[in-house]
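Asker: Below: one structure in C-alpha coordinates.
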Amino acid sequence: MENKREKGFAGEEIAARFLRKNGYKILERNFATKSGEIDIIANKKRTIVFVEVKTRNTDNFGSPAEAVDSKKLTRLGTVANYYIQKKRLEKFPYRFEIVSITKQNNTYHCEIIPVD
29 MENKREKGFA
39 GEEIAARFLR
49 KNGYKILERN
59 FATKSGEIDI
69 IANKKRTIVF
79 VEVKTRNTDN
89 FGSPAEAVDS
99 KKLTRLGTVA
109 NYYIQKKRLE
119 KFPYRFEIVS
129 ITKQNNTYHC
139 EIIPVD
(Lines of atoms letter the chains of each structure in order from A and count residues from 1; the text may use other names and numbers.)
(Lines give C-alpha, C1' and ligand atoms only; values in the text may rest on other atoms or scores of the structure.)
Protein backbone atom coordinates (compact mmCIF):
# COMPACT_ATOMS: atom_id res chain seq x y z
CA MET A 1 0.00 0.00 0.00
CA GLU A 2 1.40 3.41 -1.00
CA ASN A 3 1.63 6.17 1.57
CA LYS A 4 0.51 9.70 0.72
CA ARG A 5 4.02 10.88 -0.22
CA GLU A 6 4.68 7.87 -2.49
CA LYS A 7 1.30 8.28 -4.20
CA GLY A 8 2.00 11.98 -4.72
CA PHE A 9 5.43 11.33 -6.22
CA ALA A 10 4.04 8.60 -8.49
CA GLY A 11 1.24 10.92 -9.60
CA GLU A 12 3.70 13.71 -10.39
CA GLU A 13 5.79 11.30 -12.49
CA ILE A 14 2.70 10.22 -14.43
CA ALA A 15 1.63 13.86 -14.86
CA ALA A 16 5.08 14.95 -16.09
CA ARG A 17 5.11 12.20 -18.74
CA PHE A 18 1.53 13.07 -19.75
CA LEU A 19 2.38 16.76 -20.07
CA ARG A 20 5.50 16.05 -22.16
CA LYS A 21 3.41 13.87 -24.51
CA ASN A 22 1.04 16.82 -24.90
CA GLY A 23 3.73 19.32 -25.90
CA TYR A 24 4.73 20.78 -22.53
CA LYS A 25 8.36 21.35 -21.58
CA ILE A 26 8.92 20.73 -17.86
CA LEU A 27 10.86 23.62 -16.30
CA GLU A 28 10.67 22.74 -12.58
CA ARG A 29 9.27 20.08 -10.31
CA ASN A 30 8.32 20.62 -6.68
CA PHE A 31 9.22 24.31 -6.64
CA ALA A 32 8.88 25.26 -2.97
CA THR A 33 8.92 28.46 -0.96
CA LYS A 34 7.89 29.16 2.61
CA SER A 35 4.43 30.03 1.20
CA GLY A 36 3.86 26.68 -0.49
CA GLU A 37 4.83 24.43 -3.37
CA ILE A 38 3.98 24.04 -7.03
CA ASP A 39 4.11 20.46 -8.28
CA ILE A 40 5.14 21.20 -11.87
CA ILE A 41 6.07 24.36 -13.72
CA ALA A 42 6.03 23.93 -17.48
CA ASN A 43 6.16 25.90 -20.70
CA LYS A 44 3.81 25.43 -23.62
CA LYS A 45 3.85 27.73 -26.62
CA ARG A 46 5.73 30.46 -24.70
CA THR A 47 3.19 30.38 -21.85
CA ILE A 48 4.29 29.47 -18.32
CA VAL A 49 1.96 26.82 -16.87
CA PHE A 50 1.73 26.23 -13.12
CA VAL A 51 0.40 22.73 -12.52
CA GLU A 52 -1.16 21.18 -9.42
CA VAL A 53 -1.26 17.38 -9.61
CA LYS A 54 -4.03 15.48 -7.85
CA THR A 55 -4.22 11.68 -7.82
CA ARG A 56 -7.03 9.43 -6.62
CA ASN A 57 -7.34 5.65 -6.57
CA THR A 58 -11.11 6.00 -6.37
CA ASP A 59 -13.65 8.72 -7.04
CA ASN A 60 -15.70 7.80 -3.96
CA PHE A 61 -14.67 11.09 -2.36
CA GLY A 62 -15.01 13.25 -5.46
CA SER A 63 -12.74 13.88 -8.40
CA PRO A 64 -9.09 14.74 -7.81
CA ALA A 65 -9.68 18.28 -9.06
CA GLU A 66 -12.34 18.84 -6.40
CA ALA A 67 -9.57 18.57 -3.79
CA VAL A 68 -8.10 21.88 -5.01
CA ASP A 69 -9.91 24.52 -2.98
CA SER A 70 -9.68 28.32 -3.01
CA LYS A 71 -7.10 28.30 -0.20
CA LYS A 72 -4.82 26.03 -2.27
CA LEU A 73 -5.31 28.20 -5.36
CA THR A 74 -4.38 31.32 -3.36
CA ARG A 75 -1.17 29.63 -2.19
CA LEU A 76 -0.39 28.55 -5.75
CA GLY A 77 -0.83 32.13 -6.91
CA THR A 78 1.53 33.42 -4.24
CA VAL A 79 4.23 30.89 -5.15
CA ALA A 80 3.70 31.52 -8.88
CA ASN A 81 4.17 35.27 -8.41
CA TYR A 82 7.40 34.61 -6.51
CA TYR A 83 8.64 32.30 -9.30
CA ILE A 84 7.78 34.82 -12.03
CA GLN A 85 9.65 37.60 -10.22
CA LYS A 86 12.63 35.42 -9.28
CA LYS A 87 13.07 34.16 -12.87
CA ARG A 88 12.22 37.58 -14.39
CA LEU A 89 9.39 36.17 -16.49
CA GLU A 90 6.99 39.09 -16.12
CA LYS A 91 6.75 39.54 -19.89
CA PHE A 92 5.45 36.01 -20.45
CA PRO A 93 1.81 34.98 -20.17
CA TYR A 94 0.98 32.33 -17.59
CA ARG A 95 -1.88 30.13 -16.53
CA PHE A 96 -2.82 27.55 -13.90
CA GLU A 97 -3.90 23.99 -14.59
CA ILE A 98 -4.74 20.88 -12.62
CA VAL A 99 -3.69 17.47 -13.84
CA SER A 100 -6.32 15.12 -12.48
CA ILE A 101 -5.23 11.48 -12.31
CA THR A 102 -7.56 8.61 -11.51
CA LYS A 103 -6.70 4.95 -11.37
CA GLN A 104 -9.20 2.45 -12.74
CA ASN A 105 -8.41 -1.24 -13.19
CA ASN A 106 -4.66 -0.60 -12.84
CA THR A 107 -4.78 2.03 -15.60
CA TYR A 108 -4.17 5.73 -14.97
CA HIS A 109 -6.40 8.29 -16.67
CA CYS A 110 -5.09 11.86 -16.89
CA GLU A 111 -7.02 15.03 -17.61
CA ILE A 112 -5.80 18.61 -17.88
CA ILE A 113 -8.23 21.02 -16.24
CA PRO A 114 -7.73 24.77 -16.76
CA VAL A 115 -8.14 26.94 -13.66
CA ASP A 116 -9.95 30.25 -14.13
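Okay, so the sequence shown: first residue is 29 according to the numbering used here, each after it adds one. Yeah, the Cβ is synthetic: ideal placement off N, Cα and C, and Gly gets one too.
(1) Applying the 10 Å Cβ sphere with the 16-neighbour rule, what's the burial state of residue 120?
(2) Three or more beta-carbon pairs under 8 Å between the stretch 110-120 and the stretch 132-143, yes or no?
(3) Between which two residues does the alpha helix (DSSP H) holding residue 105 run?
(4) Assign residue 144 to one of two classes, buried (16 or more other C-beta atoms within 10 Å of its C-beta) or exposed (fewer than that).
(5) Given residue 118, which residues of its chain have a CB within under 8 Å of its CB, disregarding the five upstream and five downstream residues?
(6) Kindly list the residues whose CB is nearer than 7 Å to the CB of residue 106, restricted to its own chain and excluding five residues on each side of it in sequence; keep chain order.
(7) Do residue 42 and residue 82 come within 8 Å of each other at the CB atom, strictly closer than that value?
(8) Less than 8 Å between CB atoms is the rule here; does residue 121 satisfy it with respect to chain C?
(9) At what residues does the beta strand (DSSP E) containing residue 131 begin and finish?
(10) Closest by CA to residue 40, which one among 125, 68, 75 and 85?
(11) So what's residue 74 in DSSP terms, helix, strand or just coil?
(12) Let me check understanding here. Comparing Cα to Cα, which of 133, 134 and 125 lies closest to residue 71?
Answerer: So, from the data block:
(1) With fewer than 16 Cβ atoms within 10 Å of its Cβ, residue 120 is classed as exposed.
(2) no
(3) 98-114
(4) exposed
(5) 112
(6) Within the same chain, residue 106 has close Cβ partners 63 and 64.
(7) no
(8) Looking at the structure shown, chain C is missing, and only one protein chain is on hand.
(9) 122-132
(10) 68
(11) coil
(12) 125
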